[in-house]
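Have a look at the structure below, then the notes.
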Amino acid sequence: MSLLPECFSSQCAFRNSRLGFDQTNIQERQGSIHYLQCLLPCCDAIWSADEFEPEVDVEQCLLLNEIPRCPYCGGTARPNVLMRGDRQWLEHRQADQAARLSTWLTRVKKPVVIEIGADNVNSSLRGYSSLIAHDYSARLVRINPRNSSVPTNLDVGLGSGAKFALTEIDRLIQSG
Ligand SMILES: [Zn+2]
Numbered sequence: 000m001s002l003l004p005e006c007f008s009s010q011c012a013f014r015n016s017r018l019g020f021d022q023t024n025i026q027e028r029q030g031s032i033h034y035l036q037c038l039l040p041c042c043d044a045i046w047s048a049d050e051f052e053p054e055v056d057v058e059q060c061l062l063l064n065e066i067p068r069c070p071y072c073g074g075t076a077r078p079n080v081l082m083r084g085d086r087q088w089l090e091h092r093q094a095d096q097a098a099r100l101s102t103w104l105t106r107v108k109k110p111v112v113i114e115i116g117a118d119n120v121n122s123s124l125r126g127y128s129s130l131i132a133h134d135y136s137a138r139l140v141r142i143n144p145r146n147s148s149v150p151t152n153l154d155v156g157l158g159s160g161a162k163f164a165l166t167e168i169d170r171l172i173q174s175g
């Protein structure tokens, strides 16, 4: 078994979205741009954004085609992503993912948290990684070319880019 998803390449259509991981085995703490919800919202529906193909004028930073619409009220749809001060974000999709992760963490032994690219030392992602490591006696592998310091000497900080670090970890696992 490989640590890397099958399509970890710059040519893969899933590179910045799904990376080839089973969607039931991930947690997107602040939602996903690949899902939409009603802007209001008029209901609790969250749906795939697969049918929305944005046409963007990159120079002007403008959306050229119709904005996505809520299929329930006809109003504007938005990404199901938590934004700053966002009280309209529908969080039940993320909450379901969090519940699955929590169940999984209670069943595994010696879990490892691999944190990639959380630059800000005060970020919620770094806090979350440390919380999981503490609550489940997990070890932390922090991959960050700018700041890879780790909280304990049982954790590992790798001061490189994500692709290089993951490829090397995968190579070491494969070689036994
Ligand atoms: Zn609506």
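Sequential numbering from 0 applies to the sequence shown in numbering that gives the first Met the number 0. Cβ coordinates follow ideal geometry from the N, Cα and C atoms, glycine included.
When C-alpha distances from C69 are compared across Q93, A94, D43 and R83, the shortest belongs to D43. If you draw a 10 Å sphere on the C-beta of L130, you find fewer than 16 other C-beta atoms in it, and that means exposed.
For I45, there is no enclosing alpha helix (DSSP H); the residue is found in the beta strand (DSSP E) stretching over I45 to S47. In the DSSP assignment, C37 forms a beta bridge with A76. Burial check for C37: the Cβ neighbour count within 10 Å reaches 16 or more, so the residue is buried. Cβ-Cβ separation between A48 and Y34: approximately 6 Å, consistent with a contact (criterion under 8 Å). Counting only heavy atoms of ligand 1, the residues whose C-beta sits closer than 5 Å to one of them are, along the chain, C37, C41, C69, Y71, C72 and G74.
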